[in-house]
Structure formats: structure tokens, C-alpha cells
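Trainee:
There are 2 protein chains.
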Amino acid sequence: MADTVTIEDIARRSGVSTATVSRALRGLPNVSPATRDRVQRVAAELNYSLDSRASRLASGRSMTVGVAVPMAGQWFFNQLSTAIEALMFLNNYDVVRYVLVGPHEQTLLFHQLATSKRVDGLIICTVALTDEDVQLLQDLQLPVVTIEKETPHFPSVTCDNTAAAEVAVRHLIELGHQDIGLITGLFQDPMGFTIPQERTDGYLKALAEYNIPFQERLRIEGNFSAAGGAEAMAKLLALDSPPTAVFTLSDEMAIGAMKTIRDAGLRIPQDISIIGFDDFYLSEYLGLTTIRQSVSQYGETAGAILLELMENPDSPHVKSIELPTQLIIRDTTGPRP
Amino acid sequence: MADTVTIEDIARRSGVSTATVSRALRGLPNVSPATRDRVQRVAAELNYSLDSRASRLASGRSMTVGVAVPMAGQWFFNQLSTAIEALMFLNNYDVVRYVLVGPHEQTLLFHQLATSKRVDGLIICTVALTDEDVQLLQDLQLPVVTIEKETPHFPSVTCDNTAAAEVAVRHLIELGHQDIGLITGLFQDPMGFTIPQERTDGYLKALAEYNIPFQERLRIEGNFSAAGGAEAMAKLLALDSPPTAVFTLSDEMAIGAMKTIRDAGLRIPQDISIIGFDDFYLSEYLGLTTIRQSVSQYGETAGAILLELMENPDSPHVKSIELPTQLIIRDTTGPRP
DNA sequence: TTGTAAGCGTTATCAC
DNA sequence: GTGATAACGCTTACAA
Numbered sequence: 657m658a659d660t661v662t663i664e665d666i667a668r669r670s671g672v673s674t675a676t677v678s679r680a681l682r683g684l685p686n687v688s689p690a691t692r693d694r695v696q697r698v699a700a701e702l703n704y705s706l707d708s709r710a711s712r713l714a715s716g717r718s719m720t721v722g723v724a725v726p727m728a729g730q731w732f733f734n735q736l737s738t739a740i741e742a743l744m745f746l747n748n749y750d751v752v753r754y755v756l757v758g759p760h761e762q763t764l765l766f767h768q769l770a771t772s773k774r775v776d777g778l779i780i781c782t783v784a785l786t787d788e789d790v791q792l793l794q795d796l797q798l799p800v801v802t803i804e805k806e807t808p809h810f811p812s813v814t815c816d817n818t819a820a821a822e823v824a825v826r827h828l829i830e831l832g833h834q835d836i837g838l839i840t841g842l843f844q845d846p847m848g849f850t851i852p853q854e855r856t857d858g859y860l861k862a863l864a865e866y867n868i869p870f871q872e873r874l875r876i877e878g879n880f881s882a883a884g885g886a887e888a889m890a891k892l893l894a895l896d897s898p899p900t901a902v903f904t905l906s907d908e909m910a911i912g913a914m915k916t917i918r919d920a921g922l923r924i925p926q927d928i929s930i931i932g933f934d935d936f937y938l939s940e941y942l943g944l945t946t947i948r949q950s951v952s953q954y955g956e957t958a959g960a961i962l963l964e965l966m967e968n969p970d971s972p973h974v975k976s977i978e979l980p981t982q983l984i985i986r987d988t989t990g991p992r993p
Numbered sequence: 657m658a659d660t661v662t663i664e665d666i667a668r669r670s671g672v673s674t675a676t677v678s679r680a681l682r683g684l685p686n687v688s689p690a691t692r693d694r695v696q697r698v699a700a701e702l703n704y705s706l707d708s709r710a711s712r713l714a715s716g717r718s719m720t721v722g723v724a725v726p727m728a729g730q731w732f733f734n735q736l737s738t739a740i741e742a743l744m745f746l747n748n749y750d751v752v753r754y755v756l757v758g759p760h761e762q763t764l765l766f767h768q769l770a771t772s773k774r775v776d777g778l779i780i781c782t783v784a785l786t787d788e789d790v791q792l793l794q795d796l797q798l799p800v801v802t803i804e805k806e807t808p809h810f811p812s813v814t815c816d817n818t819a820a821a822e823v824a825v826r827h828l829i830e831l832g833h834q835d836i837g838l839i840t841g842l843f844q845d846p847m848g849f850t851i852p853q854e855r856t857d858g859y860l861k862a863l864a865e866y867n868i869p870f871q872e873r874l875r876i877e878g879n880f881s882a883a884g885g886a887e888a889m890a891k892l893l894a895l896d897s898p899p900t901a902v903f904t905l906s907d908e909m910a911i912g913a914m915k916t917i918r919d920a921g922l923r924i925p926q927d928i929s930i931i932g933f934d935d936f937y938l939s940e941y942l943g944l945t946t947i948r949q950s951v952s953q954y955g956e957t958a959g960a961i962l963l964e965l966m967e968n969p970d971s972p973h974v975k976s977i978e979l980p981t982q983l984i985i986r987d988t989t990g991p992r993p
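Just so you know, the sequences run in chain order Z and L.
According to the working numbering, the residues represented by the first sequence are 657 to 993, in order.
According to the working numbering, the residues represented by the second sequence are 657 to 993, in order.
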């Protein structure tokens, strides 16, 4: 219980004022090297660090950023958070992840985070923002950056999902495929994800380019999980004339689909080709052809923008950054049988 | 800029004191329903929430818990964090993950977290604690729970790794295998993981049970990644008489190993059997036989203990909890060729 | 059930 | 380069 060393104790034992201790310990200028040294020594002796709770109140900054994601368990979002955490750690910010479970809860959460000053800034991933959300965030002046979701209101980091999907499907077409299945997200999605539509647009564009008519029957609902991919694939295989190739809107769905294909006694790619999206970290080991995007780079980029926004709140230019994608051809795509 | 509503404003407009506002808004007892209602209404009108920075200083609790992990990007640790986050969110705690990069940085981090009061409690995963760490954490009175690492000093949540590994290897032996490869962690590991040794012990026990001599040549170093598994498997296949089955200390290494096996033109399990450990979320889709442990349950259990420790710091009983594991037989293990 | 008022341990402004 | 001191906005005995 002897455990309440404060900045005053350090000040006293160093023979300086608390102001000087604060400056010395935070590495601020206007402290003589000798003084700084002495203060640091005393602080170390007494096992002292500035109390973050008091600092945060006095400075008016919570030194915390929020990362809001629809699903924390998924590889993609963890990759994102990890990159953001690493960057923020270097800048002395704590990062806490918040899981978005629905539009209503989401609005409440944003409101709560902003009004209680729990975070100095927020990175919002993938989900749609309602007008109310935007209003709120702007009124409350919380710095915001979005990932995987462009908005006119905040800086964002995205890729060109439509173009990337087009590349994927073109790859399939050039291998001779005409009947190309599409395993997408939920058709009716409560969180308002737009990625599925963007990628579907790319699929349609590629077909159109080659004058291949779109077949609604080949478009099946998945939910971005392996289980969803497996089920969707089963529906595709049950069709009168199943597709000879499938474009899956995520690698994890592709992995599920591959299981279904193999369980049906079919070979990949001899009987059926499959291409995913993401370049999931194990896709290399599964030989999955896919569209690569650098997920960590999304996180790092968004983090850097947020940092700037927090330091300099009147930075007026809403930058929206679009990162590149790349077709990675491996073993799951081959010529039409 | 009109944006500095404080508890006093709410108090004034509600015609009560700040103390009452505080009580009303926090859901504490001893507030009449009418008063609480009025206060809540006023707070809502003014978009007010209690300032978390001020609350934390005044209450002396940071309402934040740390989760320290050696690798944030890995599925296992993300699963853990996600479970902890969900539980803590319900209890109004923020959780922030800290990545442990080495024994020295680790000690520094713990010291910093504790002295700066950045966290009210800490969950430490997998890594070894040095005597210095233990001393520090105890002196500074920071509530600590460990996962995947038993210590006499703090409550822990683990499984019986040795017994589980024994089950895995016994499964292989009962299928007729005698030459059983072992792909383990780094032999010299800077973070002091003990899991590899514990599981290796299980491997040895199973062999001994059946009087199968241990062959050092079959024990290869991996690093708990798919890449490490792939490389280790290559070494195993290069042996004069390669094993007919392999026990891999994680599913992710197994996935890497499976690629190597298939690339070599060998069939699983006809030519070689493989069994992993974890029951990674995609293992089902890869047909991987494995030992299942409930990772989320580790997180939830550790979180619950930490919560209790934080509420009740003098809770003297260091509970150590051991969770069950289970052999999940799928398609990668079969009779010896 | 409600109010009073003394902290909580910093930061930051301004003067020296 | 350094010091005095007024915030920062809440919580929590204790009293009423």
C-alpha cells in the first residue's frame, strides 16, 4: 500500500517542480540534460511512470484509438487490427477493437465512444455508415478513417474491387470457361456491405466484355465463411449443368467450396476451376488462385491518416487512397474440361 | 466548439447535484426512478456521457485490461483476444493487445503498463515469465492471469498438453505406424514457450507405451507457421526411410506439411498420415485429423478469473484451470501403408 | 434519496 | 530552463 508515488514525490526528490518532472519524463524540450537525467534516475528508483489516467484527463486526449469491425474473429479483420496496433503502439496510442453487430448498435457505439471521449479517433472497417452515423461523427468532431468502404465524408482506404474482380473472372474466361459460378455475400445484408456488389459488378463486366450472357442461376449467396462457401458450392453442383469454374468473393469461401468439390469426387482444376479473393495467408499452401490485396497495408495506411487527423484536426483534405491488387495464379484454375 | 458539456451542466439542468447525476447515469442504487429518468433525459438531450478520462482518474480504475500475446497475427491468439474482448465489453472494460517481442521488451512493457496504471489487469498468453517479471507484477500488485502457461504465481488456464499429444500419437500407433515424425517448435526459443516440450513429452510417452524406440532423426524443428511446417516436412521426406505418419504440433504447421507431401506426389493418408493440434477453424474443411481445444473457452475462462481478481484483489486462491481436449479424426490419418 | 466538497494526479499557461 | 498554479471533469465519503 506504499504504492502511491506521484509526480510530486519525484519533483521533491529531484529538487525541481512538477512541471519540470512532467517535461523531463515526456521528453519535451526546455529541460537541461542534467535535470532530465536526475529526474529520470529518481523516477526509475521509485518505479515511477506518469499516471496515464491523470495525463489523459489533463491533456484532454485519451491516447486511444478505436477500430470498429463487423467480425473480429476473421483473418482479414485481425490482420487489419494487428497492423494498426503495431503502428499505434509506436505512437503511444492504445488501440481497442469494437465489434459492430448491427446498424443500431453501431450508431449507439459511435455515439458512446465519441461523447465519453473514450477514443481520440476511429477506424471503421467495411460496414456502411448511415446518415445518422455520419452526422453524429461529424457533429462530435471525432476523427474517422474508413477501410474497405469509400464515403464522401471521411478519408478512406480501399481497392478497386470491381476492377480486381474483373481481372479474376477474365482469367477464368481466358482459360475457356463460359459457365462461371459466383459465390457472393448475403443478398440482404444488414450491415450494408458494398463489397459483394462491387465485386459482382466486376464479374458482370468481364462477362460482358466477352459477350457471355449472365446466368442468374450461377450466382449463389454465401456469407464470407468457409461454411457458407461449402454450402453455396453444393447448390452450384446440384444444378442441371453446373459451372466449370467458380469465382468466390473470398478465399475462405473458396476453401469451403473446395471441400464440397472434392467430396463430390471432382478434381480441381481438371473438372472445375476455382478462384478466390484476398490471398489469405494459407492460400499459398492450398494452391488457391486468388486476387491478392495487402491487408496490412490497408491498416497501416488508414492508421497513418488517422494519426495525422488526430494531430491536426483541421487538416481539410479528405484523402481517399486506393491500393493495388494482383492476380496470383496457382493451382486451382485450369482450362475448361 | 460548444462542445464541453460537463456533469455540472447536467446537474444544473436536472435540478440535482453532480453526485446524483453520477449515480443516476451509472445505474447505481439510491436514486429515485423519477430523478434517474429526468437526469437521463437531460443527458440524452445534450448528447452527454460521463467523460471516461475523468471517471477513470477519479475512480482510480483504468477500466482497461491488457492481453499480452507473442504473435497477434496468428489465428490462435486472435481467437483468444476476440473471446476476451467480447466478455470485457459486456463488463465495460476496454481491452488492448500488446505484442511481446522478446524477454527484455516484455519486462519493460509489464513495468510500464503497471506503473502508468494503463491497465487494471493483464492476461498473458503462452510466453514464459522470468523471475523478474513475476517479482514486478507482484510488487506492483497487478492482477494477472496466464493462458497456455502454468505458473505457481498466478491463476492460469491451460490444457494437459502432454496427455493430449499422447492421445494423438497413440491414434497413429494404433493405425499401425511405427516411424512417426514429429514437427515441433523452435528448439531454442527466445520466448521460453513450454508447449513444444510438453507435447513432445506426450509423443514420447505414447511411443514408450508401445515399446517403440524414439528416433531423434524424426524430430524436426518447425516454428508454428505453415511455412515452418512445409520446410520441416521436406526434411522428413528427404530421410533415408521417411516416417509413415507425422504429428505436427499445430494445425497451421500441418497445413504446410500437407502441401509438401502433395507436392512430392504422395497421397494423404494412403502414403503418409498427418495429425495436427488445435482444431484450427478451417481444419474441418481440409479434412485434417487433429486435437481440438476450445480456444475461445480459454479466453472466456481467463477473462472471468481476471474480472474476479480485479473486483476482489484479495481473492487469495490462485485457481488453475485445465480445459479438456479431444481427438477429432478426419481424413488425414489412415493405416500404415 | 440527495447534496457538499475534498480529492484523483496530471498538464499547460504564464511569469520569472 | 524552471516554477506556481489553475484547470481537467469526475467519484466518493460523509453529512443531511
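Cβ atoms here follow ideal geometry from the backbone N, Cα and C, with glycine treated the same way.
#1: Consult DSSP for L938(L) and reduce its assignment to one of helix, strand or coil.
#2: State buried or exposed for M657(Z), treating a residue as buried only when at least 16 other CB atoms are found within 10 Å of its CB.
#3: Taking the beta strand (DSSP E) that S812(L) falls in, what are its first and last residues?
#4: Does the Cβ-Cβ distance between L706(Z) and D665(Z) come in under 8 Å?
#5: Rounding to the nearest angstrom, what Cα-Cα distance links S678(L) and H767(L) in this structure?
#6: Please report the distance separating the alpha-carbon of G943(Z) from that of Q853(L).
#7: Quick one: what's got a C-beta closer than 7 Å to G884(L)'s C-beta in the same chain, skipping five residues either side?
#8: Kindly indicate the opening and closing residues of the beta strand (DSSP E) around A728(L).
#9: Note down the Cα distance separating Y954(Z) from T782(Z), rounded to an integer number of angstroms.
#10: Using 8 Å as the threshold, is the C-beta distance between K995(L) and E822(L) below it?
#11: For M657(Z), which of helix, strand or coil comes out of DSSP?
#12: Let me know if Y866(L) comes out buried or exposed under the rule of 16 or more other beta-carbons within 10 Å of its beta-carbon.
#13: Under a three-way DSSP split, which group does A714(Z) fall into?
#14: What residue from L778(L), S711(L) and R826(L) has the CA that sits closest to M744(L)'s CA?
#15: Out of I829(L), P991(L), A699(L) and S950(L), state which residue places its alpha-carbon closest to the alpha-carbon of A864(L).
#16: According to the neighbour-count rule (16 or more other Cβ atoms, all chains shown, within 10 Å of its Cβ), is T988(Z) buried or exposed?
#17: Whose C-beta lies closer than 8 Å to the C-beta of S673(Z) among residues of the same chain, with five residues either side of it excluded?
#18: Compile a chain-ordered list of the residues in the stretch 887 to 907 of chain L whose CB is closer than 8 Å to at least one CB of chain Z.
#19: Classify L684(Z): buried if its beta carbon has 16 or more other beta carbons within 10 angstroms, exposed otherwise.
#20: DSSP state of V698(Z), grouped into three classes?
#21: Who does A724(L) pair with in a DSSP beta bridge?
#22: Identify the continuous alpha helix (DSSP H) that holds L764(Z) and give its terminal residues.
#23: Verify the CB distance criterion: does L706(L) have a CB-CB separation below 8 Å to chain Z?
#24: Kindly give me the distance between the Cβ atoms of A901(Z) and S929(Z), rounded to whole angstroms, as I take these residues to be in contact under 8 Å.
#25: When you compare the stretch 833 to 847 of chain L with the stretch 752 to 759 of chain L, are there three or more beta-carbon pairs, one atom per stretch, that lie closer than 8 Å?
#26: Give the DSSP-derived three-state secondary structure of E664(Z) in the structure shown.
#27: Skipping 5 residues on each side, what residues in its chain have a beta carbon closer than 7 Å to that of L842(L)?
#28: Quick one: any contact between the stretch 972 to 989 of chain L and the stretch 810 to 822 of chain L, if contact means 3 or more CB pairs under 8 Å?
#29: Which residues does DSSP list as the beta-bridge partners of P946(L)?
#30: Taking only beta-carbon positions, decide if T988(Z) is within less than 8 Å of chain L.
#31: Hey, how far is the Cα of L796(L) from the Cα of P969(L)?
#32: For A890(L), tell me which candidate among Q871(L), F870(L) and L922(L) has the shortest Cα-Cα distance.
#33: Whole angstroms are fine: how far does the CA of F936(Z) sit from the CA of S950(Z)?
#34: List the DSSP bridge partners of M820(Z).
#35: On the premise that V751(Z) lies in contact with V752(L), defined as a C-beta separation below 8 Å, what is that separation, rounded to the nearest angstrom?
Mentor: Short version:
#1: Taking the second sequence and counting its residues from 1, the one referred to as residue 938(L) is at position 282. Here L938(L) sits in coil by DSSP.
#2: As a position in the first sequence, residue 657(Z) is number 1, starting the count at 1. In this predicted model, M657(Z) has a pLDDT of only 39, less than 50, meaning its place in the structure is not dependable enough to derive any value.
#3: Locating residue 812(L) in the second sequence gives position 156, where the first residue counts as 1. Start and end: S812 to C815.
#4: In the first sequence, residue 706(Z) corresponds to position 50, counting from 1. In the first sequence, residue 665(Z) corresponds to position 9, counting from 1. It is not a contact, given that the beta carbons lie outside the stated cut-off.
#5: Indexing the second sequence from 1 puts residue 678(L) at position 22. Indexing the second sequence from 1 puts residue 767(L) at position 111. S678(L) and H767(L): Cα-Cα distance of roughly 33 Å.
#6: Along the first sequence, one-based indexing puts residue 943(Z) at 287. Along the second sequence, one-based indexing puts residue 853(L) at 197. Rounded to whole angstroms, G943(Z) to Q853(L) spans 32 Å at the Cα level.
#7: For this step, residue 884(L) is matched to residue 228 along the second sequence. Once the five neighbours on either side are set aside, the close Cβ partners of G884(L) are G878, M909 and G912.
#8: What you label residue 728(L) is simply residue 72 of the second sequence in a count that begins at 1. Premise fails: A728(L) is in no beta strand (DSSP E) and is neither H nor E.
#9: Numbered from 1 along the first sequence, position 298 holds the residue referred to as residue 954(Z). Numbered from 1 along the first sequence, position 126 holds the residue referred to as residue 782(Z). Each residue's alpha carbon lies about 12 Å from the other.
#10: Because chain L in this structure spans residues 657 to 993, residue 995(L) falls outside the shown range and cannot be described.
#11: Looking up residue 657(Z) in the first sequence gives position 1. With a pLDDT of 39 at M657(Z), under the threshold of 50, the modelled position of that residue is not reliable, and no figure is offered here.
#12: Position 210 of the second sequence holds residue 866(L). It is exposed - the Cβ of Y866(L) has fewer than 16 other Cβ atoms within 10 Å.
#13: As a working mapping, residue 714(Z) is identified with position 58 in the first sequence. Note: A714(Z) maps to helix in three-state DSSP.
#14: Taking the second sequence and counting its residues from 1, the one referred to as residue 744(L) is at position 88. Among L778(L), S711(L) and R826(L), the Cα nearest to that of M744(L) belongs to L778(L).
#15: Position 208 of the second sequence, counted from the start, is the residue given in the question as residue 864(L). Per the Cα distances, I829(L).
#16: Walking along the first sequence from the start, residue 988(Z) turns up at place 332. Buried is the call here.
#17: Here the question's residue 673(Z) lines up with position 17 in the first sequence. If we look at S673(Z) and ignore the five residues flanking it on each side, its Cβ neighbours are A667.
#18: none
#19: In the first sequence, counting from the first residue as 1, residue 684(Z) sits at position 28. Exposed, since its Cβ has fewer than 16 Cβ neighbours within 10 Å.
#20: For the purposes of this step, residue 698(Z) is taken as residue 42 along the first sequence, with counting starting at 1. It is helical.
#21: Reading the second sequence from its first residue, position 68 is the one you call residue 724(L). Bridge partners of A724(L): Y754(L) and I780(L).
#22: Numbered from its first residue, the first sequence carries residue 764(Z) at position 108. Residues P759 to T771.
#23: Stepping through the second sequence from its first residue, residue 706(L) is reached at position 50. Closer than 8 Å to some Cβ of chain Z, the Cβ of L706(L) qualifies, so yes.
#24: Position 245 of the first sequence, counted from the first residue, corresponds to residue 901(Z). Position 273 of the first sequence, counted from the first residue, corresponds to residue 929(Z). Their Cβ separation, rounded to whole angstroms, is 4 Å, which keeps A901(Z) and S929(Z) in contact under 8 Å.
#25: yes
#26: Residue mapping note: residue 664(Z) aligns to position 8 of the first sequence, counting from 1. Three-state DSSP puts E664(Z) in a helix.
#27: Taking the first residue of the second sequence as position 1, residue 842(L) is located at position 186. Here the set comprises E877 and N879.
#28: yes
#29: Locating residue 946(L) in the second sequence gives position 290, where the first residue counts as 1. Here residue 946(L) turns out to be Thr, not Pro, going by the sequence shown. Partner(s): I984(L).
#30: Here residue 988(Z) corresponds to residue number 332 of the first sequence, with the count starting at 1. Output row for T988(Z): interface = no.
#31: Counting from one through the second sequence, the residue named residue 796(L) turns up at place 140. Counting from one through the second sequence, the residue named residue 969(L) turns up at place 313. Using only the alpha carbons, I get a separation of about 12 Å.
#32: Mapped onto the second sequence, residue 890(L) falls at position 234. Cα-wise, what sits closest to A890(L) is L922(L).
#33: By one-based count along the first sequence, residue 950(Z) stands at place 294. By one-based count along the first sequence, residue 936(Z) stands at place 280. Whole-angstrom Cα-Cα distance: 10 Å.
#34: To locate residue 820(Z), count along the first sequence from 1; it is residue 164. Before going on, a small fix: residue 820(Z) reads as Ala here, not Met. Bridge partners of A820(Z): none, in fact.
#35: Against the second sequence, residue 752(L) aligns to sequence position 96. Against the first sequence, residue 751(Z) aligns to sequence position 95. Confirmed, about 6 Å.
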